[in-house]
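A quick write-up on the structure given underneath.
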Amino acid sequence: MSRESKHVLIIDDVDDDTQILENMLSEEFTVSSHSCASSVLDAVRESAPGVIILNPAMHELNTLSIINCVIELNPRSHVIFLSNLTTLDDKIQAYEQGADDFIAKPYNPVELYHKVERHVEDSLRRVQLMANAENARTTAFAAMESNSEMGIILRYMEEITSCNSYTDLGISLAQSAQSFGVEVVVQVRGLQEVYNFGCANDSFEAVLLTKGVQKGKIIEGAYKIIINDKRISILIKNAPAKSDPKYGRLKDNIAMMIGATDARVTTIDLVVQLEAQRETGLKSVIGNTRESMHQIRDTFNAYEKHIWEKIQSYREETEGVLISLGLSEEQEETLMESLDQFVEKVTETDATKELIESSFAKLLSGLDDLN
């Protein structure tokens with residue numbers, strides 16, 4: 001039994017009755033007595049007893065004030081009226097004033113002892129029930145807070161799947177962490193740049209986070225916590241006291257979010273790397289294609305020049321052959337007309353060549369724009 005529950009306070013101005021009660025109860029319980037009505041309230045406040053044996057007929061005693069004081073200081077206490085006022089109205093009045101039991105004088109010592117014992121046990125049960133209720137209430141509130149905090153984490157886990165940049169990710173983490181009621185600074189270390197959220201890049205906090213990553217995963221200070229991962233760090237600027245149950249939960253929750261965020265940073269790293277490789281590869285392909293197009297055009301021009309040289313040579317040779325054959329003038333004209341028609345068709349081919357040349361120029365210009 002608790003010490004308060006076993007404490008019995010006797011309030012009576014009849015010394016003989018008080019002495020008898022003290023002798024009877026002192027072996028099993030802690031007993032004290034008070035006989036001055038003007039200072040009874042002080043005695044109740046000082047001791048907050050588990051059981052009070054009260055004589056309501058005590059001179060100048062304000063019974064109702066005492067009971068109200070007892071209920072206010074120690075709701076677990078039991079009040080027993082011990083009185084020679086034994087009418088039914090007296091008993092009803094006692095219960096109306098808040099008494100838990102009524103024993104008439106003269107009393108049976110055995111009956112009184114067992115009643116005191118029972119009320120002490122009831123007081124203890126009240127203590128235990130109130131403690132259990134408080135524990136249940138605390139547990140319920142903790143569970144509700146925990147569920148609320150888990151909801152924040154789950155929403156954040158879902159949100160970061162759509163974050164495709166370091167900036168989006170850092171802002172999302174900072175806002176979600178602030179939902180726990182704390183001020184934070186976040187640092188994301190990208191492939192080519194460090195991003196700080198909640199502080200300037202040249203601030204003390206930014207330097208602290210950059211250097212702190214070498215000091216371990218968690219750095220705890222006076223109302224401040226730094227939680228690190230490979231690519232991300234967070235500084236909690238106004239953490240609760242370490243004795244506060246919220247402290248451990250906050251640390252665990254933020255660490256969980258940091259782990260998920262670091263994994264997302266790695267994914268964004270891969271996207272950035274692939275984009276860089278794609279741009280590098282595209283530039284390489286464009287360069288190679290442009291070079292090949294120039295080679296094709298040069299080959300085409302060389303081939304065209306060679307054809308024209310062959311045509312001119314063939315025309316000159318044909319004229320010489322016609323002269324040596326001794327053909328008539330009409331025959332020579334017919335053959336030369338046929339040759340001129342061939343040259344005219346070649347001229348039409350030259351127009352096609354100009355069209356191809358123009359197309360080559362447009363294609364090369366387009367490749368230059370992509371590059």
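The sequence shown lines up with residues 1 to 371 when you count with our numbering.
Don't be surprised by glycine CBs; every beta carbon is placed ideally from N, CA and C.
By a beta-carbon distance limit of 8 Å, Ala177 contacts Met257. Their separation comes to about 7 Å. Beta-carbon to beta-carbon, Ile11 and Ile52 are separated by about 6 Å, close enough to satisfy the 8 Å threshold. Judged by DSSP in its simplified three-state form, Tyr156 adopts helix.
Taking 8 Å as the cut-off, the beta carbon of Gly50 is found closer than this to the beta carbon of Lys6. Under the criterion of beta carbons closer than 8 Å, Ala43 and Asn74 do not qualify as touching, at roughly 13 Å. The shortest CA-to-CA distance from Pro240 to any of Val182, Asn68, Ser233 is the one to Val182. Proximity of the region 82 to 96 to the region 123 to 131 falls short of the contact definition, fewer than three beta-carbon pairs being nearer than 8 Å. In the structure shown, Asn68 adopts helical secondary structure according to DSSP, grouped into three states. Asn238 carries a coil assignment under DSSP once its states are collapsed to helix, strand and coil.
Assignment of beta-bridge partners to Leu274 by DSSP yields no partner. In the DSSP assignment, Phe102 falls within the unbroken beta strand (DSSP E) covering 101 to 104. Rounded to whole angstroms, the gap between the alpha carbons of Ser32 and His114 is 18 Å.
The C-beta of Ile236 has 16 or more other C-beta atoms within 10 Å across all chains shown, which makes the residue buried. Note that the region 152 to 166 does not touch the region 202 to 214; fewer than 3 beta-carbon pairs, one per stretch, sit closer than 8 Å. Under the three-state reduction of DSSP output, Thr86 falls in the coil class, being neither helix nor strand.
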